[in-house]
Structure formats: structure tokens, C-alpha cells
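Chemist:
2 protein chains.
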Amino acid sequence: MEQAGRTGKSCSIQADSLALQEKATQEGLSTVWDRFAAQQPQCGFCELGLSCRICVMGPCRLDPFGEGPQRGVCGADADIMVARNLARMVAAGAASHSDHGRDLVETLLAVAEGKAPGYQLTDPAKLDRVAAQFGVAPDLPVLEKARELALAMMEEYGIKKGHLTFTRRLPPARLEKWRNLGITPRGVDWEVTEMLHRTHMGVDNDPVNLLLQALRTALADGWGGSMIATELSDILFGTPTPRASQANIGVLKADQVNIILHGHNPLVSEMVARAAQEPRVLERARQLGAQGLNLAGLCCTGNEVLMRRGIPMAGNHLVQELALLTGAVEAMVVDYQCIMPSLGDLAACYHTLFFTTSPKAKFPKATHLPFTPETGEDLGRRIVVQAVENFARRDPARVYIPGAPVAQMTGFSVEAILAALGGTPEPLLNAIKTGQIRGAVGVVGCNNPRVTQDYGHVTLTKELIRNDILVLDTGCAAVAHAKAGLKQPEAAAQAGPGLAAVCRALGIPPVLHMGSCVDNARIIHLAAALAQALGVDVDQLPVAAAAPEWYSEKAATIGCYAVASGVFTVLGVAPPVLGSKNVTELLLNGLTAHLGACFAVEPDPARAAALIVRHIEDKRRGLGLEAR
Amino acid sequence: MEQAGRTGKSCSIQADSLALQEKATQEGLSTVWDRFAAQQPQCGFCELGLSCRICVMGPCRLDPFGEGPQRGVCGADADIMVARNLARMVAAGAASHSDHGRDLVETLLAVAEGKAPGYQLTDPAKLDRVAAQFGVAPDLPVLEKARELALAMMEEYGIKKGHLTFTRRLPPARLEKWRNLGITPRGVDWEVTEMLHRTHMGVDNDPVNLLLQALRTALADGWGGSMIATELSDILFGTPTPRASQANIGVLKADQVNIILHGHNPLVSEMVARAAQEPRVLERARQLGAQGLNLAGLCCTGNEVLMRRGIPMAGNHLVQELALLTGAVEAMVVDYQCIMPSLGDLAACYHTLFFTTSPKAKFPKATHLPFTPETGEDLGRRIVVQAVENFARRDPARVYIPGAPVAQMTGFSVEAILAALGGTPEPLLNAIKTGQIRGAVGVVGCNNPRVTQDYGHVTLTKELIRNDILVLDTGCAAVAHAKAGLKQPEAAAQAGPGLAAVCRALGIPPVLHMGSCVDNARIIHLAAALAQALGVDVDQLPVAAAAPEWYSEKAATIGCYAVASGVFTVLGVAPPVLGSKNVTELLLNGLTAHLGACFAVEPDPARAAALIVRHIEDKRRGLGLEAR
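Chains as they are written, first to last, in this note's numbering: chain G, 1 to 628; chain W, 629 to 1256.
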């Protein structure tokens, strides 16, 4: 596994990251790479999944060399231990996305009940479509319809028999596979809770049974919590459409008030964005000597406001600390997930205000302004006002914004892609059938200091588009691609001739931005729609997914729902399962017989590309299409 | 911390355990103590809570001596790391009890809908009382009432604003404390899911905020999942009433077919118990040379059938393997929780059939017969028939049942205690007011090979009753006490004069069995009822709880809901929190200011007794009662 930072390799392929990490070193401030280096060597038992602290008869460790203990105190062997540990990761990832979705359901209800000033039903046509899928009467007045939809979606979290509603978007053959395995997802919170129960000491001790429930829990995320989050964000804030923007740390402006929006949920950031447009705020900023008020995104909150508002993107996961080191940030506003607890310390080294906004996510050295649907609009205003006033405290001598922003095109929701194709998936399917486009791959996931930042994403994606494979991206991967210039229409020049021709004809880049990490729901939704249009199951499509630099439990969950939905998925970082031969074999191979898809682990992105190209050509062959 | 097994100290204070562990050594079979010894030394980072593998930037370790890293890769310090780890333990414990409760809700619904042959509403009066608390119309026909109650209880798991219904059993002052802290529990699965979300990397990084949600999650167990499990078990299978039975491995019969019921949920074991009474089964057993069919319990499934049917108790957690070593067990039937995955291997060393019955809990080398409410009755019959046939395969030469059973009195539900007192709590309150009984303590929890088996329970309890403190017990602790003879009315002789006199007057032992570990809900319910009767909050009562030998995540959760409900709780095994001074301080002290209760950790049961006696006298003083 590659190791970055002080351990030898370069931290990043991105010039802005390298320049700011250098500034950190000069200023004596530590960042994620320093802490990663300090943690070396990491615990080999934990890395292999061979440690267990599920109960206090333990903690237990199993000897991977077969010389020391092969059973924990309870009697669990390597297969059980590894499966339980993995299952808990998946449960936590599903819980995270789903609890994010819950916040949107609650806000939708508040909007419907007139209790959320500032929020509105920005896309009523999408409300109509989604409400219809949930069986809400079509002739209700719009607010009542929203209310009924919110209540129906609350049921998706509860004790309900039968499928999650959104699973109906899948081909019947997929649902049949799930029924055979007993993994059709039920209520989202139910699956999470049952998964935790099953991994308690002395409950489920069959690695296959554990992994099946892990898949079911992941499916409750992908076709439940995450999809609810995506669809309701669109209804509340607008379904993304293609728009131009920019990326990298250069989007910060030395002469303006800079506010960074970081985290995952658009509920607060949308209100900050609205408040930032108020004339009196701009006027006050000018009074204080600023040329204006500049918003920039980070991580997936950044992706949300980029997709819908074109707010430029300052960086991905490993940039969150570096952004503060520019000395040019008046306020960093966070909601939750992937927010390093080091941010408060770093913000305190500058004039930066560090606002936390979720009652579920407090941080050291932060100013906590809790969000509720009722107060969100006011909260956005309070944050902007304080950020503007803070401009006066900036020390211009410490400001350092390396590099210039790179242009990117964003906003490719499923609806936007279909619209670009003229309203039907036929043109895309035809391009695939003729072989002009070989297939499509979702390149998604995080950064991880184990991998040189963005190297995995960019190397893999360049190789895929060169092979005429359309890339769909979300999350940190999307930021990596944007910074590498791959999300400009001009990047068609780096694509193979077939893909390049399609991109030029449609005026789109070869790498389409589909949103934040909950928006991986858009990718599986699109895959399901393509499968339905072709009359096949998802696993028959020439598609794949890759997470070259993943780090989080959410990513583990996304990988599981992708595979369980029929999408071959290549991980660039090994999950902590290698201590169990049986679990590893099941993930890398055994699942295929039942789900038509499995995982691969390949740290080298060029080799990962080769795996994916071969997979896609195999799937083309399976569909009777021309194959290389 | 005391360590048992090969590390020097005796494994157990119980003669039957020692004799059978000796047999294991002779036969070359390993048990929990051998595996515990083989795991020494256990990982100090994990024991202190200073390791984290929540994401794959890690695993991370913090140096407890302050020399190595003090931050994980994300920036989490010791306080955050320890709080997150503890919070996940509590979530898993709450999930376990609550998912157990869910199975009873589903069965109640099936009974109401006529889909669960063999199951019935055994206590319709209790159905009336509980249904009324849930707002079900009193004049509904009984099955319809059961259906409405089941549906209302399903809502307790979901996304519902406001209190869990059973919290209304508490004094208003307690609910007010929870409101002030923001820990009033909402839907059970919701709290579990939110807890998992909050402990994802980059979500909640405030140890106090994390611990508050851990307490809320625990309360959703105590006043939600567990209480639902207890109340519905009573409605379906009968509310326990005092009855005589026996305990220890001597309850197995050398000349009978022995079936052991192990796990936590009565749904299957009740059906096995019914089937075991069928004349044709007994006849077949006699044909095969057996004198009869003998059921015995283990762990909390054992407690369930002991409380309601007087089925004798073979042993607690650390006896589950030893029971198989008797060579006299035709079948061990398990449902879920605390079931060692070693059992299949051990059963295979004898003729024993090892039946697993929950689709959520499969085990190596088991015969899996999955339970559903629809098939439960038939399942019970199939198990009994196979067990009886298996008698023919028993090797009498290998049978070894050491010791003779000890008598015990059991069945002290809240209703039974009130009935014994003449229908009101007044006689008990008067005995407390006069000082005849100083107070009451719940001695609960598991076995743990870190502690000489049952030494913690029995030593503490003897000391408490000697000090005129009434002991209420559940779970493994109850089995320890029974085997030590403390659950016979004659044990009044070991109590102080005041308690002894009360016991003799009522014909009860000084240690009252309140059931299984979900039945700790009975103890907090009783405490709430006593507080209401006195017009005070729970934390003002002269009561406490102790878990001298706890091992499981469920026990951590129980401890948290006890403390959050106002009950001072003494742990005999330190939870993995000592790596954080702030978290430790909060648990051992800081909570008191807000909840009127906190934890103590005291491995020496005699010292734990002294702590509790002092606490109870302090509380007496606080109420203006005579105090020592």
C-alpha cells in the first residue's frame, strides 16, 4: 500500500496542496500527513481485521501467522471477527448517509407545515414525480403533497415489511436476486439496528450471514437513506443542471471575504449562500475594505452547492486543513461528516471563525450555532454577518493563495444527463451499442493519506476516458478530476476518439459530475434506468465503479450497495478484511455467483483501469455487442 | 483487575464449574478460560479506549504515557476517541435489546392477526394495562387491542417526535432533567442510527455531546426496547409469579433426555417447553430408555423460562460450554446474544445436537431451524422430537453431572412484588422509612473470565443483605446468587435483622429474582414506581445498581440507562475509557450534577459494597430518614 507524507512519497499530485503543506511545515503546524506519519507503523491486527473489542472479555487478537491464538475469548475465529468488524463499518456508513437523509425529510415536513422560513419547494415537478412513486395522491395541493411525501419517507426508516420504495426503480431481475438471498432492504434504521445487534457478542457467528445483512444494510442506504437525501435536496434546492464553475484553492480571493462551506448537507450552506447575496452584507464587506463576498465549497457540502449554484470548489478531504493555512478564510462553516477535529486548532492559529451548525456534530474550539429547519434562514444570515465583520481581523501578511483556479463544468444530475441527450437514454445507449462509448464507470470516494492525494483518481480516470469509457464522478474524486482539468469540455482531447466525438457533439466533458457522496444514489439510479431501458439486469451493463482513495465507513457502505446492485467495484485501498481468507474470497469472488458483481482491490490505478477495461469489454461481449 | 484461568487465580467459586473445567482439561478440550489465558497480554491501547479503527486512514493508537502520538490521523484526541468507542458500545447494546423487543412486537402482531399458532395472549389483564398506556381504546375486542398495541409499539422504533411512551412511568422531575440535557429518548432505531452516525469520522467530536447521545440511546433501550421486550413477553407468556425451582449443573438428569434452552428470547423456548409436555414425546423418550424429558435453562433464555415456568437453571454465561461437557445434553437450543461460537465445536465432541433458531444468529457446526411467529409452534415440536431421538446416541460412559441442585425461589415481577406486599408499595416504603430495610440494590450483569466466576456477585450480595439492603437481581448475577443459595427464603438467616424479619414475614428470600437482562426494565420500572409513590425523583431513593462481572455491550447500555434514570451504578470491570481523563471524570463524577447519579468502578466486591452502603445511607439522610 502506498504511503504518503513524511514516509517518503509525495503528499499530493496537486500543486496547491504541496504549496500549502510546505507553508504548514514552515509555520510549525501539523496536518493530516504529519499525523499519518506519526502513526506509523499502524496496528497490523486492526489493519487485517484480526482484532476485536466488541466485548470486555476482550480485547482479542488473532495471529495472522497461525502461531498465536486463532480464537478470541468467546471462540470467534478470523472469519467471524473480520465479518463482524466489516459489518459494523457498513452499518455506520449506512447510518451516516441515512441520518443525513432524515434531516432533509424533517425539513421537507417543516416546509410543508410552513415552519421553515427561507426554505421552499424549488423543484415542484420533481416533487410531483417522487410523490407519485410513493403513492401520494397526484391532485393534492403542493404543500399537502410535500407533507404526505415527508410522512411516507419517514416510514422508510421504520418497521415496515416489504421493499424500500425506491427499489422499484430496479429491474425485476435484480429484486429477484435479492429475494433469493434474503437481502431486500426493509426500514433504514431497522437494518442498521439489526446489523449492530447481529454483531454483538454471541449473536450472528456465520460470516456469510453477517455479510448478507451488511449488504442489506448497505442497500437500505443506497436505495433508502442516500436516495432520499438526494431526491429531497433536489426538491428543496433545485435539481442540478449543467453550469460552469472552477476548482482548487485558487478560488479563494485575496481581496474578498471568503466563506468556506464544508461537510455534506446543503441545509445550512444553501441559507449561507442566500444570505451572502443580500445587498447590505455586500455593502458592509466593502465598508471593511473587501471587494466582495466569496463563497467556496469543500468536500461534499461543496459538491452540493457547486452542483446547484456553481459555487466554486476549494478542495477535497485532504485540503480541508490546508484551506485554513491560506490565512484568507474569514469563516469555515461545517455541518457533518469527514470534518477533521483538528480544524478548530488550525482556525485558532489564524483569524478564521470556525462555525459548527449541527446539534449532532460539535467540535473543539468551534462557535456552535445549531441548525433547525425553523431557524436555518436566520442562521445563514448570522454566519455571513459574523464572517464579514471578521474580515477586519485578517492579517494580509499571512495570506497565501497558491495557484490559479481551473475551469470545470458541473451539474449532471440524472435529469440533466437525460435532458442533454434529448430526453431519453437512447442516444447514450446507441453510443454504447455502436462502441463509440465502451461503457461508463463511477469513479468516486475520498482522499486517504495512504495514497498520494488525487493520484489514484486522476490516473485511473485519464486511463478510462482514453479507452472511450465515460466517467461519472462524485465526492472527493470529482474535485480531483476538476483540479486536473478533466471536467472541462476541452478535456475531450484526452479521451479516446469515440468518447471525444460524443463529448464534442454534446458540448460536455468526458467526466460528468453527479454530485456529493450521497449522490452516488444518482449513479445507481442511472444504471438502473439504463438496465430497464435495455431490458437487462444492472450486472449485465458495461459499467463499473471505483474508489481509488477511499477512507470512510460511508465509502465501504457505498461499495457494498454498488456491488449488491450489480456493479463491479474496484477499491484502491484494501478494507480491513485480509485476515480472513473466506471473507476476502467472498468479497473478491464469491458474491458474483449470486449478485453478478464483486469487489476487486488494486492499489495501482493503471492496473485498476486495465481490470475495468477488461470487465467492460466482457460485459459488452455478454450483451452481444462488439468487443475488443 | 483480577484474572482467572491459567493466569493463576481460580476460574470460579462454583464447584460444578471447577469440576467440569477439570473434565475439559482431561479431555483436551478448550473453554473460555483457556482462550482468555491464551489472549494474555491483551492490547493495552484497546483496553484504555485509545485505539481507533473507525476509518481506514487509521487504525490509530494514542500513547497513554504522553510520549507517542496524542492525535489520530483525523486529529481526534484521547477524549474524542474514547467517547466514540464507548458510544458505539452503548449503541450496540441498545440495538441488541431493542431488536429482541422487535421480535416480540412482530409476534404480538402475528398473534393478533391469527397467524401465530401456539402463541396466545396469556395475560390479557396486562395487555389491558399496557394498551391503555399506549392510548389504545379500552373497549376493543382483545385481538384487536393486541393488534393496535403492536402497531403503536412499532411506532416507538421509528421517527417520532416526543418521548417514548414508557418514559411516562417516570417522575416529572426526571423527565425535566432529561429535557434540560436534551436526552429525552425518541424512536429506538433512530437513536441507535444517530449514535452510529455521530461516531463516524468527522461528525461529533465533542466528548460531552457524544456521551449525552450515548445516554439517550441507552434510555431508548431501557424505556423502549427492553421494556417493550419485558412487557410483551409477559402479555404473551404470562407475568411471572413466585415459584420454586433449582439451580446449577445438577439440574441435568443422568437418566432423562436433557434439553438446554440458551440465549435471551422466550419465543422459541416457550414452544419447546410446550412440546416437551406432549404425552407421545414422553412415551417415545421412555421407549428409548429415558426416565423422562428434562428441560434446563442457561443464561437469559433460562431466566425467562425460569421466571414463568420454574424450569430449572443450569448456569450462567461461563457455564454454557461446561454444560456440554456433562455429556448428558441431547440438545442445546439457542436463540441469540452471548452464545459462544465455540459451542458447535464442543457439541460435536459429544452426541449433542446444537440447534440455532434465529435467522439473525447462525453458528458454526449448528443445525439451523429458523423461527418465525407462523412456524414457532411446529419448530418447538421438531426440536423436541429430534432431541428425544438423540438420547439413543448418548454415551453413558462420558456422562458426568457434578453436584446436586440448589433450591431457589423465583418469579418476582413488579406485579408479583406488589402482590406479595398486599397490592401497594406502602409496606416496602414503610420498611425503608423505618430503616428495617435500608434500601434496595439491583445486582445484575454477566460473567467475565477477568473475574473469578460468581465471586463478584456473591460476595457483593452477601455483604449487601447483611447490611439490611434488599437485593434485586437479573441475568447471570441471578444464577450466581441462586447457586450460592441466596434465593431461598432460608437465606434470610444471612441477612441483617431488619431485612431478615421482613423476609420471614413475607416468606421471601432477601434476593429477589426479577428476570433476564432485558428485565432490568422491571427494576427501573419499580424504582420509578417507588419514586412516584414517595413524590421524589429516582436519584433521591436509597437505591443503587451493580454489575460486578459484566462483559457485554448490553451491560454497558444497561449501566448507562440506570445512571441516566438516576441510579448510582458500580461496575466491577472497568469499561475501556481510562485512556481519557475527561470521559472518566464525567462518568465517575460529572454526571451527578445533571442526573443525580454517576458510575463507580470497583473490582473488589467488598469495597463495592461499602461504597453502596455509604451511598444508600446518604440518600436516606437526604430524604430525612434515619441514617447510619
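Glycine included, C-beta positions come from ideal geometry on N, C-alpha and C.
The beta strand (DSSP E) that contains His262 (chain G), what's its start and end?
Modeler: Val257 to Gly263
Chemist: Please check if any C-beta of chain W sits within less than 8 Å of the C-beta of Thr199 (chain G).
Modeler: Yes, because at least one Cβ of chain W sits closer than 8 Å to the Cβ of Thr199 (chain G).
Chemist: Using 8 Å as the cut-off, can you tell me whether the stretch 1227–1244 of chain W makes contact with the stretch 1085–1097 of chain W, which would need three or more C-beta pairs spanning the two stretches below that distance?
Modeler: yes
Chemist: Under 8 Å Cβ-Cβ, which residues of chain W neighbour Arg147 (chain G)?
Modeler: In chain order: nothing, as chain W lies at least about 14 Å away.
Chemist: Closer than 9 Å between beta carbons: that is the criterion. Which residues of the stretch 546–580 of chain G meet it against chain W?
Modeler: The stretch 546–580 of chain G vs chain W, Cβ under 9 Å: Trp550, Tyr551, Ser552, Glu553, Lys554, Ala555, Ala556, Val573, Ala574, Pro575 and Pro576.
Chemist: With a threshold of 8 Å between beta carbons, is Gly1135 (chain W) in contact with chain G?
Modeler: no
Chemist: Grouping DSSP H, G and I as helix and E and B as strand, with all else coil, what is Asn294 (chain G)?
Modeler: Asn294 (chain G) falls in the strand class under three-state DSSP.
Chemist: What is the DSSP secondary structure of Leu792 (chain W), reduced to helix, strand or coil?
Modeler: coil
Chemist: Assuming Ala1175 (chain W) contacts Gly1073 (chain W) under a Cβ cut-off of 8 Å, what Cβ separation, rounded to an integer in Å, is found between them?
Modeler: 3 Å
Chemist: Relative to the C-alpha of Leu418 (chain G), which candidate in G:Ala533, G:Pro405 and G:Ile401 has its C-alpha closest?
Modeler: With distances taken between CA atoms, Leu418 (chain G) lies nearest to G:Ala533 out of G:Ala533, G:Pro405 and G:Ile401.
Chemist: Would you kindly check if the distance between the Cβ of Ala545 (chain G) and the Cβ of Gly442 (chain G) is under 8 Å?
Modeler: yes
Chemist: How about Ala493 (chain G) and Met313 (chain G): are their beta carbons less than 8 Å apart?
Modeler: no
Chemist: Applying the criterion that 16 or more other CB atoms from any shown protein chain within 10 Å of the CB defines a buried residue, is Asp395 (chain G) buried or exposed?
Modeler: Asp395 (chain G) should be labelled exposed.
Chemist: Do Leu838 (chain W) and Arg712 (chain W) have their C-beta atoms closer together than 8 Å?
Modeler: yes
Chemist: According to a CB-to-CB cut-off of less than 8 Å, which residues of the stretch 1068–1084 of chain W neighbour chain B?
Modeler: In the structure shown, chain B cannot be found, because the protein chains are G and W.
Chemist: Which two residues bound the contiguous beta strand (DSSP E) that contains Met1037 (chain W)?
Modeler: Val1034 to Thr1038
Chemist: Between the stretch 638–647 of chain W and the stretch 875–882 of chain W, can you find at least three pairs of beta-carbon atoms closer than 8 Å?
Modeler: Yes, they touch.
Chemist: Is there a Cβ of chain G sitting closer than 8 Å to that of Phe664 (chain W), yes or no?
Modeler: yes
Chemist: CB Gly310 (chain G) to CB Asp123 (chain G), shorter than 8 Å?
Modeler: no
Chemist: Return no unless some Cβ of chain G is closer than 8 Å to the Cβ of Tyr1028 (chain W).
Modeler: Among the residues facing chain G, Tyr1028 (chain W) is not included, as its CB has no counterpart in that chain under 8 Å away.
Chemist: Output the boundary residues of the alpha helix (DSSP H) element that contains Val192 (chain G).
Modeler: The continuous alpha helix (DSSP H) containing Val192 (chain G) extends over residues Val188 to Arg198.
Chemist: Give the straight-line distance between the Cα atoms of Gln133 (chain G) and Ala778 (chain W), rounded to the nearest whole angstrom.
Modeler: 28 Å
Chemist: From the DSSP secondary-structure annotation, give me the bridge partner or partners of Gly943 (chain W).
Modeler: BP columns for Gly943 (chain W) point to W:Leu926.
Chemist: So His1153 (chain W) is in the beta strand (DSSP E); what residue range does that whole segment cover?
Modeler: His1153 (chain W) -> not in any beta strand (DSSP E); alpha helix (DSSP H) instead, spanning Asn1148 to Leu1162.
Chemist: Listing by chain order, which chain G residues have their CB less than 9 Å from the CB of Lys990 (chain W)?
Modeler: Asp204, Asn205, Asp206, Val208, Asn209 and Leu210
Chemist: Quick one: is Thr7 (chain G) near chain W, going by C-beta distance under 8 Å?
Modeler: Summary for Thr7 (chain G): the model assigns pLDDT 45, below 50, so the residue's position carries little reliability, and this model does not support an answer.
Chemist: Give the residues of chain G in contact with Ile682 (chain W), contact being defined as C-beta atoms less than 9 Å apart.
Modeler: Met89, Ala92, Ser552 and Glu553
Chemist: Beta-carbon of Ser51 (chain G) versus every beta-carbon of chain W: anything under 8 Å?
Modeler: yes
Chemist: So the beta strand (DSSP E) Val601 (chain G) belongs to, where does it begin and stop?
Modeler: Phe599 to Val601
Chemist: What does DSSP give as the partner residues of Thr1102 (chain W) in its beta bridges?
Modeler: Its beta-bridge partners are W:Gly1143.
Chemist: Should Gly853 (chain W) go down as buried or exposed, given a rule of 16 or more other Cβ atoms within 10 Å for buried?
Modeler: buried
Chemist: Between the stretch 844–867 of chain W and chain G, which residues of the former have a C-beta closer than 8 Å to a C-beta of the latter?
Modeler: Taking 8 Å as the cut-off between beta carbons, none of the residues of the stretch 844–867 of chain W comes near chain G.
Chemist: Keeping to the same chain, check which residues put their C-beta closer than 7 Å to that of Arg1256 (chain W); ignore five residues upstream and five downstream.
Modeler: Glu1245
Chemist: Taking contact to mean 3 or more Cβ pairs, one atom from each stretch, closer than 8 Å, check whether the stretch 831–848 of chain W and the stretch 797–812 of chain W are in contact.
Modeler: yes
Chemist: For Ala440 (chain G), report the span of its beta strand (DSSP E) as first-last.
Modeler: Segment Gly439 to Val443, the beta strand (DSSP E) holding Ala440 (chain G).
Chemist: According to DSSP, simplified to helix, strand and coil, what is Gln39 (chain G)?
Modeler: coil
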